[in-house]
Structures are given as structure tokens and as C-alpha cells.
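Residue numbers 18 to 372, in the numbering used here, belong to the letters of the sequence shown in order. Using N, Cα and C, we set each Cβ at its ideal position, and we do this for glycine too. Everything numeric in this text was worked out from a predicted model, so none of it was measured.
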Amino acid sequence: MNIRAAPSKLTLKARFPHVCLRPHPQTLPWSTDRARLIRLSIIQFLSFSVFSLRNFKEEKKKQNPKPDSSLCKIETLSESHFFFLFNPQSVGRNSRKMVVSPKIAPSMLSSDFANLAAEAKRMVDLGADWLHMDIMKLSFVVIDLNDTEPFLVSYLLTSLLFHLQDGHFVPNLTIGAPVIESLRKHTSAYLDCHLMVTNPMDYVEQMGKAGASGFTFHVEVAKENWQELVSKIKSAGMRPGVALKPGTPVEEVYPLVEGETPVEMVLVMTVEPGFGGQKFMPNMMDKVRALRQKYPTLDIEVDGGLGPSTIEAAAAAGANCIVAGSSVFGAPESGKATLVISLLRTSVEKAQPTT
């Protein structure tokens, strides 16, 4: 589409006002002074932009031309020609914000436990938003689950995403606040704590003092006192979240999201909590999908069995916070781990709506 611009009267007949100015490559003599050209370009751009933008709506009413391409040539009576570059897709990506931002949390359960600090730093350097650490007191706990093979499990995470267990909600037993307090001395990272305990109220004060940033409890153990619990979490300076096990109906968390003092994140477990090495449960995506449809701006986290082969399903359902373990640490090289993290993030970004 050609737009003619006269020195006294210039019009801009285009549907997109976001433009960038650059010289027409076929009309620039090799001897043109770069500084002079830049000054001339700016002057010409400002001179016709004021009139053009002022009359944009009026011109659009008269005719609504449809651009033939992303390049719109502007002919002037000056010595140089210029292109206006129209790129609606890039403009949208830069100017529009995602409704919810992606957060990728590698699980430190798959890391080298002899070098946790170095592994944590490596993950952050590779692009991780959080670090998901699974740590025991001194050793692993061997659990026989339903007379099947034993699971070597230790749960405590940092985001750093922490899993705290008291030996009742799940069989494993770990410590929490002391480790978080120690980590807080060495990092300013957001510490998102997921408590798999039967009495989360007992942990609010100590977790707040230890430096936790987020406090996610399970709806299964807080059906009666969740309002008091959420208020106490916020009073302690932490961000409240609620988690639900695979067997829990998603409707049980609705009141917690819609209450006067609501939670700010919902964690959908895609494996049974308390054990590692389980496979991703795709039927849990129905819960994620229902949550995203009902709450467009809510942070929705999925934990368990996430990786390149399952991220598409989780992202498409509406999850924006992704916990991944072996898919990241199992990469033989740092470059490949970076690609995995990038893939997880890109999948979430593509699936999320923008405003």
C-alpha cells in the first residue's frame, strides 16, 4: 500500500499506528552523512506524524484500506524515501502483558546432593524461576508403598519450592523451617513453601519467621479453619496458596479462591504427594482447565511428572507454574537443560492469553 505525503499535508492511511522509521535502501546515496540522515529522518517523521495521527480516525472512516504486507512505503518530495514497518504480532507481544506469567521450577530431587548450592545456582543461571528442592534431614527414607518397590524420597523444597512433611499427611518425615531460615541468609529468592502436613496452622508462625514467601497448604486438612489459616498466613507476611491431591474434587478449592480473604495460588498435584518417580496423571488437567476457565488471573501450579512430553497438556489446560525434575537435571549438558527450561517456558507462554 502506497501512502503519498506532501510537505504541507500528510496523511497516514494504515490500520496500525505502531511504526518504526528507516531509510529506503534504494534511495540512499553511499555518500549520505549518517548523522544528517538521522536528523532528517526524525524531522520528517515528526512533521507528518502530528497531522497524520490527528486525522487518523477521520481518514479511517472515509476508507479502510487493508495493508498488502507488513511493509508500507511512504513517498515524500524529499531526497529520501522511507519505509514504515508494520508488525502487529511483535507489537502485540511487546505491548500486551500475559494474564499470568510462567514460572519454571526444576526439582532438586534430581540434582547432585553433594553440591546442592552449586546445582541451585546452575539452575538459576540456566533460566529457572524457582528451584524445587527435595532434601532429607541426613539420609533418604525408604518407603514401601502398597507392597510395591520402595521409594527413596526426601521432601523439602525451596524456590525455591519447599515441601514440608510431618509424617502424618504423607509417610515421609522431613524438617522445614531451619533449612528455610538457613537458605534465606544466602538468597533473596521467592521461597514458595508447600506444606504437606496435617496441621498447617502450627507451621505458619515459624515459617514466616524463617523467611518463607509463600505458604501453600492442603485443602484436605483445612476445610474447617481455612479462613483463619489464610488470614494468619497473610499476617505473617506470606502469600497463601492451597493444594489438592489427585483424589480431591476441584470444587473444594473454589470457596478458598472466592472468599473475602482468598488464596492467591492453587497447586494441582499431578501425582500422589509424598513420593517421587511417579507418572504424570493427564486426567488432572480437567481440574486445571476448570480453574483457568473460572479464574483467568489465578496462579495455577502443577507438580509431578512434568517434562517436555507432558508440558503441552499442562500448558494448554492453563497451568502457568511448572515443577519439573528429571527432565531438567537428566539433560546431559547444561545447554540441553537450558533448552528444556526454555521449552517449558515457551509452552506456557504460547498457551496463556494476553491482554
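Can you tell me the Cα-Cα spacing of residue i and residue j, whole angstroms?
i	j	result
Gln310	Ala206	30 Å
Met298	Gly258	21 Å
Met302	Lys240	23 Å
Met255	Glu237	21 Å
Pro272	Gln244	10 Å
Leu360	Asp209	22 Å
Ser351	Leu143	7 Å
Glu281	Leu246	13 Å
Tyr312	Glu269	14 Å
Pro349	Gly276	46 Å
Asp219	Val288	26 Å
Met140	Gly347	12 Å
Gly231	Lys353	30 Å
Asp129	Lys138	12 Å
Lys226	His203	15 Å
Ser364	Asn242	37 Å
Leu148	Ile328	17 Å
Asn300	Lys262	13 Å
Thr233	Ala334	21 Å
Val283	Pro217	16 Å
Is it the case that the Cβ atoms of residue i and residue j are separated by a distance below 7 Å?
i	j	result
Thr362	Pro123	Residue 362 is actually Arg in this sequence, not Thr. Against a cut-off of 7 Å, the Cβ pair of Pro123 and Arg362 comes out as no contact.
Ile121	Ile358	yes
Val116	Thr314	yes
Ile197	Gly228	yes
Asp320	Val340	yes
Met213	Ala194	no
Ala332	Ala368	yes
Ser127	Gly322	no
Val221	Ala253	yes
Ser248	Thr278	yes
Ala307	Val274	no
What do you get for residue i, buried or exposed, if any count of 16 or more other CB atoms within 10 angstroms of its CB means buried?
i	result
Glu136	buried
Pro370	exposed
Ala134	exposed
Asn337	buried
His211	buried
Asp146	buried
Ser48	Here the model assigns Ser48 a pLDDT of 43, short of 50, so the residue's position is not dependable, and the following value carries that caveat. Ser48 should be labelled exposed.
His235	buried
Thr44	Any answer about Thr44 is weak, because its pLDDT of 41 lies below 50 and its placement is not dependable; what the coordinates show is given next. It is exposed - the Cβ of Thr44 has fewer than 16 other Cβ atoms within 10 Å.
Pro290	buried
Leu173	Residue placement at Leu173 cannot be trusted, given a pLDDT of 36 that sits under 50; what the coordinates show is reported in the next sentence. Its Cβ being crowded by 16 or more others within 10 Å, Leu173 is buried.
Ser344	buried
Ser199	exposed
(message) So within the segment 300 to 328, which uninterrupted alpha helix (DSSP H) runs reach at least 4 residues, ignoring any that extend past its ends?
(response) 302 to 311
(message) In chain order, what are the residue ranges of uninterrupted beta strand (DSSP E) at least 3 long that sit wholly in the segment 264 to 299?
(response) 282 to 286
(request) Would you mind listing the beta strand (DSSP E) stretches within the segment 191 to 262 that are 3+ residues and don't spill past its ends, in chain order? (result) For the segment 191 to 262, the full-length beta strand (DSSP E) segments reaching 3 residues or more read 209 to 213, 231 to 235 and 256 to 261 along the chain.
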